[in-house]
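**Student:** Under the UniProt record's numbering, the sequence shown is numbered contiguously, ending at residue 176.
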Amino acid sequence: VVDLPPEDAVAFLGHCKASDLSFIPLIAPTSTQARVQQLAAAASSFIYCVSLTGVTGTRDADTWNRITADLKDTLSIIRQFTKLPVAVGFGISKGEHVERLASLGTDGFVVGSALVNAIEGVAAKGSSGVAERCAAIEAVCTDLKAHAARTAALANGQPPMAANGVAPQSPTDPSK
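1. Out of curiosity, what's the CA-to-CA distance linking S22 and C16?
2. Would you kindly report the start and end of the unbroken beta strand (DSSP E) that includes F109?
3. Could you tell me whether any non-hydrogen atom of the ligand ZN is closer than 6 Å to the CB of A87?
4. Just how far apart, CA to CA, sit C134 and Q38?
5. Taking V1 as part of the beta strand (DSSP E), name the residues at either end of that continuous run.
6. Compute the beta-carbon to beta-carbon distance between I27 and L84, rounded to the nearest angstrom, for a pair I have assumed lies under 8 Å.
7. Given a cut-off of 7 Å, decide if D70 and P29 are closer than it, judged by their beta-carbon atoms.
8. So, does the segment 139 to 147 touch the segment 86 to 97, judging by three or more C-beta pairs under 8 Å?
9. Answer yes or no: do V86 and D107 have a C-beta to C-beta separation smaller than 7 Å?
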C-alpha cells in the first residue's frame, strides 16, 4: 500500500508486523519534522524519500539542480529520526542522477519511468518480444548500478580504475 498515512494505518501496520511485511512510508520534501518523525517511527525496513513534489517521471538538468539542494535538507531531517536506509525516488533515470544521489549519502534509489521508457522504446521500434524488453530493462539497470558502484567506490577512497571495476595494477619496473 503506497503512501498510506500511519494515522490511517493502525490495523494495517499490525497486519504487516504479524505477517513479517515491511511498511515503507513516503517522505516528501514538504513533510514537516513532526511528520518525518512519525513516519520514521512507523517504518520497518527503509524510508522512501520522494525527490521532489509533483508527479513522477524523468527530469531535466535544471530540475535536478533544484532537487539536489532540497534533497540534502530532506535527507538531513530524515537522518535525525532514523537509522534505517533511505532510498530516493521520482525522476531518477540516468547514471548522473544516481551519482548525485550517492554523493548525498542515499542508501538506494527507486526507478520507474526510465524502465517504462525503455520498454516503450522497444515497442516503438516494432518489437514486441519479451527478450527484447528484458534486454532493454537490463541495460537501464546495468547502467544505473555501474554509476552507483563507481560512486560508492570513489567515496570509499578507491582509485577511479577500481571504481570502474578494473583492478589497479602495480607499476612494473621498466628495467626488468
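Note that the Cβ used here is the ideal one computed from N, Cα and C, for glycine as well.
**Tutor:** Judging by the given coordinates:
1. Taking the sequence shown and counting its residues from 1, the one referred to as residue 22 is at position 22. Taking the sequence shown and counting its residues from 1, the one referred to as residue 16 is at position 16. Each residue's Cα considered, the two are about 6 Å apart.
2. Here the question's residue 109 lines up with position 109 in the sequence shown. Start and end: G108 to V110.
3. The ligand ZN is absent from the structure shown, which contains no ligands of any kind.
4. As a first step, residue 134 must be located in the sequence shown, where it is residue number 134. As a first step, residue 38 must be located in the sequence shown, where it is residue number 38. Spanning the two alpha carbons is a distance of roughly 39 Å.
5. Within the sequence shown, numbered from 1, the residue matching residue 1 stands at position 1. Where V1 is concerned, there is no enclosing beta strand (DSSP E), given that its DSSP letter is neither H nor E.
6. The residue given as residue 27 occupies position 27 in the sequence shown. The residue given as residue 84 occupies position 84 in the sequence shown. Not really, about 11 Å apart at Cβ, beyond 8 Å.
7. In the sequence shown, residue 29 corresponds to position 29, counting from 1. In the sequence shown, residue 70 corresponds to position 70, counting from 1. Contact flag set, yes.
8. yes
9. In the sequence shown, residue 86 corresponds to position 86, counting from 1. In the sequence shown, residue 107 corresponds to position 107, counting from 1. Yes, Cβ-Cβ distance for V86 and D107 is below 7 Å.
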